[in-house]
Amino acid sequence: MNDANDYLDIAKKKKFQKSKLLKDGEATIKEATRYIFHAASHLNSGDIFFVTYAGHGTQVDDRSGDEANDRKDEAWCLHDGLFLDDWQYFLWSKFKPGVRILVVSDSCHSGTVSRVASAARGLMADLARGDGARTLGLAPNARGSQGNTRSFADRLARDGNVGVIADNIGLAPRTITPEQAEAAFTQPERNPIYVSQQREAGSASVPASVGATGILLAGCQDHQLSWEASTGRPGGLFTQQFKKSLAENVQPTVGYSNFLDHIAQAMPEYQRPNFFPFGAEDDTFFNQTPLTI
Numbered sequence: 019m020n021d022a023n024d025y026l027d028i029a030k031k032k033k034f035q036k037s038k039l040l041k042d043g044e045a046t047i048k049e050a051t052r053y054i055f056h057a058a059s060h061l062n063s064g065d066i067f068f069v070t071y072a073g074h075g076t077q078v079d080d081r082s083g084d085e086a087n088d089r090k091d092e093a094w095c096l097h098d099g100l101f102l103d104d105w106q107y108f109l110w111s112k113f114k115p116g117v118r119i120l121v122v123s124d125s126c127h128s129g130t131v132s133r134v135a136s137a138a139r140g141l142m143a144d145l146a147r148g149d150g151a152r153t154l155g156l157a158p159n160a161r162g163s164q165g166n167t168r169s170f171a172d173r174l175a176r177d178g179n180v181g182v183i184a185d186n187i188g189l190a191p192r193t194i195t196p197e198q199a200e201a202a203f204t205q206p207e208r209n210p211i212y213v214s215q216q217r218e219a220g221s222a223s224v225p226a227s228v229g230a231t232g233i234l235l236a237g238c239q240d241h242q243l244s245w246e247a248s249t250g251r252p253g254g255l256f257t258q259q260f261k262k263s264l265a266e267n268v269q270p271t272v273g274y275s276n277f278l279d280h281i282a283q284a285m286p287e288y289q290r291p292n293f294f295p296f297g298a299e300d301d302t303f304f305n306q307t308p309l310t311i
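What follows is the structure in structure tokens.
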């Protein structure tokens with residue numbers, strides 16, 4: 019909840035006219051869809067829509083055939099189910115040309131064994147460097163050059179077990195396992211909804227279908243995990259640095275890509291944020307001061 023409140027505060031400070039926080043039981047597929055449809059029907063060319071998500075992400079097998087590369091659909095894990103990327107792009111396609119869509123997602127795609135192992139190796143490398151800026155969010159006992167944490171990270175790199183990460187190093191990955199995701203997708207009471215969404219989205223389920231101009235600022239690269247601190251004030255590492263960089267007023271005309279580069283400088287090597295434009299190209303939007311109305 020800390021991250022959601024932080025993004026709401028950011029929206030208010032940046033003078034967005036209307037803001038809505040969906041939390042806990044309110045954060046359903048139906049409600050998220052309803053508010054996005056509402057924005058799409060009311061915003062016109064030159065307007066901006068700012069949507070954020072901070073929480074678990076995952077992947078499921080692509081059933082619609084639109085994911086030629088990895089044959090996976092990404093999803094946000096909402097209160098009542100998976101908010102598939104097919105459905106998200108379908109919703110973005112409802113916005114008028116000239117509308118700017120800014121999506122900030124502090125989540126990750128999947129907690130596969132190989133991905134967790136890769137993250138653990140990056141964690142060990144940062145621990146070995148002993149650089150405080152690169153051990154962002156770690157529990158105090160995880161920053162030392164000796165002790166339990168290194169052996170734990172080494173074991174994590176071998177077997178990919180994420181179950182006890184938070185207790186050991188003060189960080190937890192924002193993901194669920196592929197097995198958990200598949201179980202959620204195939205639930206008898208939920209699966210017809212996902213299938214219906216994919217069918218309705220059809221050819222509008224890809225970035226190229228979007229006539230508005232969109233930017234996705236993601237908390238990590240596709241092959242990485244997004245992490246949240248489980249000690250002190252819980253929250254996502256990416257969100258912490260996003261908020262800090264905005265507060266620092268980094269170069270008034272920095273543009274979104276350079277703004278993300280500034281955030282990345284303070285992030286650990288095992289979590290590097292990602293810049294992904296989608297929809298119609300608009301260099302004016304890309305080069306604007308972040309969150310310009």
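Quick note on this note's numbering: the sequence shown kicks off at 19 and runs consecutively. C-beta: ideal position from N, C-alpha, C; glycine also. Model, not experiment: these values are computed from the prediction.
Going straight from the alpha carbon of Met19 to that of Lys41, what length do you get? Taking C-alpha positions only, Met19 is separated from Lys41 by approximately 7 Å.
Ignore the nearest five residues each way along the sequence and tell me which others in Thr120's own chain have a CB closer than 6 Å to its CB. For the record, residue 120 in the displayed sequence is Leu; it is not Thr. Taken in chain order, the residues that qualify are Phe68, Ile233.
Enumerated in chain order, which unbroken segments of the alpha helix (DSSP H) with a length of 4 residues or greater are wholly contained in the region 241-287? 255-265, 274-283
Using 7 Å as the threshold, is the C-beta distance between Phe7 and Pro225 below it? Since the first residue shown for the chain is 19 and the last is 311, residue 7 is missing from the structure and cannot be characterised.
Going by the C-beta, is Leu26 closer than 6 Å to any heavy atom of the ligand COA? The model depicted lacks the ligand COA and carries no ligand whatsoever.
Should Thr231 and Asp21 be called a contact, given that it needs their Cβ atoms to be closer than 7 Å? Taking a C-beta distance under 7 Å as the contact criterion, Thr231 and Asp21 do not qualify as a contact pair.
My understanding is that Ala50 touches Phe101, with C-beta atoms under 8 Å, so please give their C-beta distance in whole angstroms. 6 Å between Cβ atoms; contact.
Rounded C-alpha distance that separates Gly75 from Gln239: One C-alpha to the other measures close to 13 Å.
State the Cα-Cα distance for the pair Lys48 and Asp103, rounded to the nearest angstrom. 15 Å
Coarse secondary structure for Thr46, derived from DSSP in three states: coil
Taking Thr70 as part of the beta strand (DSSP E), name the residues at either end of that continuous run. For Thr70, the enclosing beta strand (DSSP E) begins and ends at 66-72.
Would you identify the three-state DSSP class for Val228, choosing helix, strand or coil? Of the three classes helix, strand and coil, the one that applies to Val228 here is coil, per DSSP.
Identify which residue in Ser227, Gly116, Leu243 has its Cα closest to the Cα of Asp65. Gly116
With a threshold of 16 other CB atoms inside 10 Å of the CB of Asp79, please say whether the residue is buried or exposed. By the C-beta density criterion, Asp79 is exposed, having fewer than 16 other C-beta atoms within 10 angstroms.
Using three-state DSSP, classify Trp236 as helix, strand or coil. Strictly speaking, residue 236 in this sequence is Ala, with Trp absent from that position. Looking at Ala236 - three-state DSSP - the assignment turns out to be strand.
Taking all protein chains shown into account, do 16 or more other C-beta atoms lie within 10 angstroms of the C-beta of Gly129, making it buried, or fewer, making it exposed? For Gly129, the predicted structure reports a pLDDT of 47, less than 50, and the residue's modelled location is therefore unreliable. A value from the coordinates is still provided. Buried.
From what residue to what residue does the alpha helix (DSSP H) around Arg217 run? Note, Arg217: alpha helix (DSSP H), 209-219.
Do Glu266 and Gly254 have their CB atoms nearer than 7 Å? No, they are not a contact pair.
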